[in-house]
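Shown next, in structure tokens, is the structure this report addresses.
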Amino acid sequence: MRFTVVTLFAGMFEQVLSTSVLGKARAAGLVEIDFVNPRDFATDKHRSVDDSPYGGGPGMVMKCDSLVAAIETAGKSSSPHRVLLSPVGKTLTHSRAVALAKMDHIVVVCGRYEGVDERVVDMGIDESLSIGDYVLTGGELGAMVIIDAVARFVPGVLGHADSADDESFSGGLLEHPQYTRPAEFRGQAVPATLLSGNHAKIDAWRREQSLSRTAMHRPELIRQDTVLTQALAARTYVLLAHHPVLDRNGETVTTSVTNFDIHDIARSCATYGVAGYFPVSPVRLQREKIARIIEIWQREIAQAGSDDRGQALSTVAVSESISSAIETIRRRTKAEPWVVTTSAQAAPGGLHVGYSELVAQRVADGSRPLVLVLGTGWGLHSGILAGADQQLAPIRGTGDFNHLSVRSAASSILDRLFGQ
Ligand SMILES: C[S@@+](CC[C@H](N)C(=O)[O-])C[C@H]1O[C@@H](n2cnc3c(N)ncnc32)[C@H](O)[C@@H]1O
Numbered sequence: 003m004r005f006t007v008v009t010l011f012a013g014m015f016e017q018v019l020s021t022s023v024l025g026k027a028r029a030a031g032l033v034e035i036d037f038v039n040p041r042d043f044a045t046d047k048h049r050s051v052d053d054s055p056y057g058g059g060p061g062m063v064m065k066c067d068s069l070v071a072a073i074e075t076a077g078k079s080s081s082p083h084r085v086l087l088s089p090v091g092k093t094l095t096h097s098r099a100v101a102l103a104k105m106d107h108i109v110v111v112c113g114r115y116e117g118v119d120e121r122v123v124d125m126g127i128d129e130s131l132s133i134g135d136y137v138l139t140g141g142e143l144g145a146m147v148i149i150d151a152v153a154r155f156v157p158g159v160l161g162h163a164d165s166a167d168d169e170s171f172s173g174g175l176l177e178h179p180q181y182t183r184p185a186e187f188r189g190q191a192v193p194a195t196l197l198s199g200n201h202a203k204i205d206a207w208r209r210e211q212s213l214s215r216t217a218m219h220r221p222e223l224i225r226q227d228t229v230l231t232q233a234l235a236a237r238t239y240v241l242l243a244h245h246p247v248l249d250r251n252g253e254t255v256t257t258s259v260t261n262f263d264i265h266d267i268a269r270s271c272a273t274y275g276v277a278g279y280f281p282v283s284p285v286r287l288q289r290e291k292i293a294r295i296i297e298i299w300q301r302e303i304a305q306a307g308s309d310d311r312g313q314a315l316s317t318v319a320v321s322e323s324i325s326s327a328i329e330t331i332r333r334r335t336k337a338e339p340w341v342v343t344t345s346a347q348a349a350p351g352g353l354h355v356g357y358s359e360l361v362a363q364r365v366a367d368g369s370r371p372l373v374l375v376l377g378t379g380w381g382l383h384s385g386i387l388a389g390a391d392q393q394l395a396p397i398r399g400t401g402d403f404n405h406l407s408v409r410s411a412a413s414s415i416l417d418r419l420f421g422q
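Our numbering applies: residue 3 is where the sequence shown begins, and numbers increase by one.
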């Protein structure tokens, strides 16, 4: 694979690109790196490559003529992929590095000063890439980052055939902790599993560590993993409590069942792959009403020939209390449910869990069912909030008003947790 770097400062690269893995890859002919200097294409007597910006403002801008000529020269003998280092570009990721490693020739263009004339981008660049949300004084360090990150995926560059497949981001997660000799250092021992010689156990330990580290440091990576998120949704249950909830005066009451709460939340649960939906009421007549609502909807749906919506209602199971619903889930899953309440108000002391954090923590914690408790009326009684394992952060829109109907809140919550 070949990289041609278009830069005013080729001298910055030599040490970095001739050391260790990259140095060996170049010596073995696996990676070729050459340079083109835009100054060699300057046309005026001062060999200038920059000029002041039209419209005014500080600094200088790299001129079109010399830079475009340099990029054209860099790609003369092939049809390379031309990458500009720019804070405006998409951020380089693991998957982009893997894709770039499949190309034969990449021209890497380094900006300087205030950046490059936009017509260079229009005429001579296939892709702008950033290396992070900060501004460097020039593209050279970014070019070295790209070359290093991409070259690792060129076959033969890394000594051990699969070492690039077994690192942070390669499976969507951060890597597990690593240890080497000695087995004990200043009283700190290497985890016993790693010394056990039992490879199944070691793999399980590493997977567990990788999940919990990712949950702690980069929860959004777990949230973005469709397989992990779907598996969590499939062991998630939604409870809709009609008691004990508050009325507008803060009194504990039992609310009556609303037809649409049964139907719409069941459909949201089916949409996000949730395992079950439990409307809860201590009043027998209200529970019968729920059963009747389901029956009527199912009959109407069957008559209309729409099986899918009937299927959504089949996950509904009526319960007489929050604790009996949780007990049903416990028996059904043979595991201890993790109970998370929801509220329009922030938890005392701001001790609520965010959406990505909840997904990440529950995925990392193994196979326990997740129970989301929603309240009707003016929200769940404080005893229910206090007795739960966690409280979910309130949904916020753009201002202070966040009085959603419980069925709207249910769909927003499910989307924030499981939506792709
Ligand atoms: C001082 S910067 C120009 C910043 C530009 N005026 C802006 O605000 O977007 C000069 C050059 O450094 C490189 N550069 C700076 N920060 C970068 C980053 N985060 N990723 C990639 N390249 C960067 C680019 O090649 C850029 O043209």
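A virtual CB, placed ideally from N, CA and C, is assigned to each residue, including glycine.
For residue i, the residue or residues it bridges with in DSSP
i: D36; result: T6
i: M64; result: D52 and V118
i: K92; result: L131
i: F43; result: Paired residue(s): none; F43 is not in a bridge.
i: V282; result: A243 and S321
i: R84; result: V109
i: W340; result: L372
i: Q190; result: F187
i: L394; result: V355
i: T238; result: L372
i: V137; result: Bridge partners of V137: none, in fact.
i: V255; result: V247
Proximity below 7 Å, CB of residue i to CB of residue j
i: P221; j: S358; result: yes
i: L241; j: F280; result: yes
i: A99; j: V152; result: yes
i: V33; j: A27; result: yes
i: S270; j: A412; result: yes
i: L372; j: W340; result: yes
i: G140; j: R114; result: yes
i: A235; j: G275; result: yes
i: G423; j: A319; result: This structure cannot speak to residue 423, because the chain is shown only from 3 to 422.
i: L176; j: T231; result: no
i: W299; j: H265; result: yes
i: G61; j: E129; result: no
i: N261; j: I295; result: yes
i: I35; j: F11; result: no
i: M3; j: V156; result: yes
i: I324; j: G312; result: no
i: L87; j: G25; result: no
i: D263; j: R409; result: yes
i: A71; j: F43; result: yes
i: H96; j: F171; result: yes
i: S321; j: V282; result: yes
i: S132; j: P193; result: no
i: F37; j: V7; result: yes
i: V122; j: C66; result: yes
Cβ neighbour criterion (16 or more within 10 Å) applied to residue i
i: K203; result: exposed
i: R333; result: exposed
i: S369; result: exposed
i: H354; result: buried
i: M427; result: There is no way to answer for residue 427, as the model of the chain reaches only from 3 to 422.
i: P40; result: buried
i: K78; result: exposed
i: I328; result: buried
i: V109; result: buried
i: Q288; result: buried
i: R209; result: exposed
i: R154; result: buried
i: T238; result: buried
i: F420; result: buried
i: G377; result: buried
i: K104; result: exposed
i: A191; result: exposed
Supposed contact pair residue j and residue i - C-beta distance, whole angstroms, cut 8 Å
i: H178; j: Q211; result: 4 Å
i: H383; j: V247; result: 6 Å
i: V365; j: I224; result: 5 Å
i: I464; j: V111; result: The chain is shown only over 3 to 422; residue 464 falls outside these bounds and no answer can be derived.
i: E120; j: T9; result: In fact, because the Cβ distance is near 20 Å, the residues do not count as touching under 8 Å.
i: G257; j: G379; result: Reading off the sequence shown, one finds Thr at residue 257, where the question assumed Gly. So it is a contact: roughly 4 Å between Cβ atoms.
i: I292; j: T344; result: Contact doesn't hold; Cβ gap of about 20 Å is too wide.
i: D46; j: V63; result: Their Cβ separation, rounded to whole angstroms, is 16 Å, which puts D46 and V63 out of contact at 8 Å.
i: G381; j: A346; result: 6 Å
i: V229; j: V23; result: About 32 Å separates the two Cβ atoms, so there is no contact after all.
i: L387; j: I397; result: About 16 Å; that fails the 8 Å criterion.
i: H107; j: S68; result: So it is not a contact: roughly 21 Å between Cβ atoms.
Any non-hydrogen atom of ligand 3 within 6 Å of residue i CB
i: P60; result: Annotation note on ligand 3: not contained in the displayed structure, which lists ligand 1 as its ligands.
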